[in-house]
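In full-length UniProt numbering, the protein residues as written are 1 to 243. Just below is one structure, and these are the notes that go with it.
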């Protein structure tokens, strides 16, 4: 994974907002995964119950004639298939509980992180505010200097010239203080932003690792069920037909 601290440094300082919302999106992903697995569990439960119903139908099949023994094969294989799907339902329900626990832990971690990085948002707002003042102060200083220069060229009385020069010096001092304030604000922002980026990356790596584990559990459960279904099919009706 790319290092967050080496990126997200745009001129408009929107990187923090991008990383923060990416963190929040993690909770959305967790919920969506739970919804997906819950829907799969519902489908498996419906299918499992349908197979159990078919097993009962096979039990009511005629016991006369040469076909009669196959009804027992239908019943047994349908029962086993129903069990395979219902066992998968149980595994998925257990997985949903695990996802719910992770979702709670994730929410607590995000709340704590939000408090930890709140200073960065304040630093961004301060920097943006000061950044807007710098060009204004610079423009004001240049204007005052030009005014003083104009008065000198036009031979205006010394009193007016002195007054204009005092204004230009005052504007120069205001510009100096604003630039100094900007430099301090930028240094504070850069350090806080770097710390926040590291924190956001830690959360993202933990989230992706946990989601990978959850998806792996889901995949293995489904795969195991498919193997079991294949075994039932091999010894059930399909096995009889191949025999």
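All C-beta atoms in this analysis are idealised placements derived from N, C-alpha and C, irrespective of residue type, glycine included. All values reported here derive from a predicted model rather than from experimental measurement.
{"query": "The alpha helix (DSSP H) that contains residue 103, what's its start and end?", "result": "68-116"}
{"query": "Tell me the rounded alpha-carbon separation between residue 105 and residue 48.", "result": "33 angstroms"}
{"query": "If you check the beta carbons only, do residue 13 and residue 128 fall under 8 angstroms apart?", "result": "yes"}
{"query": "Could you give the first and the last residue of the continuous alpha helix (DSSP H) run that contains residue 60?", "result": "First-last for residue 60: undefined, no H or E at that position."}
{"query": "Can at least three beta-carbon pairs, one atom from the stretch 199-219 and one from the stretch 170-190, be found at a separation below 8 angstroms?", "result": "no"}
{"query": "Hey, could you find the ends of the alpha helix (DSSP H) residue 4 is sitting in?", "result": "First-last for residue 4: undefined, no H or E at that position."}
{"query": "Should residue 92 and residue 16 be called a contact, given that it needs their Cβ atoms to be closer than 8 angstroms?", "result": "no"}
{"query": "Report the three-state DSSP secondary structure of residue 157 (helix, strand or coil).", "result": "coil"}
{"query": "When you compare each of 196, 228, 235, 71 to residue 60 by their alpha carbons, which one comes out closest?", "result": "71"}
{"query": "Who are the near neighbours of residue 152 in its chain, counting only those whose CB is closer than 7 angstroms to its CB and skipping five residues on each side?", "result": "161"}
{"query": "Check whether the Cβ atoms of residue 4 and residue 201 lie closer than 8 angstroms to each other.", "result": "yes"}
{"query": "Short of 6 angstroms in beta carbon distance, which residues of its chain neighbour residue 46, apart from the five on each side in sequence? Order them along the chain.", "result": "none"}
{"query": "Tell me whether residue 78 is buried or exposed, calling it buried when 16 or more other Cβ atoms sit within 10 Å of its Cβ.", "result": "buried"}
{"query": "With contact counted as at least three CB pairs below 8 angstroms, one residue from each stretch, are the stretch 184-194 and the stretch 144-158 in contact?", "result": "no"}
{"query": "Excluding five sequence neighbours on each side, which residues of the same chain lie with their C-beta closer than 8 angstroms to the C-beta of residue 198?", "result": "4, 5"}
{"query": "Out of curiosity, what's the CA-to-CA distance linking residue 50 and residue 113?", "result": "47 angstroms"}
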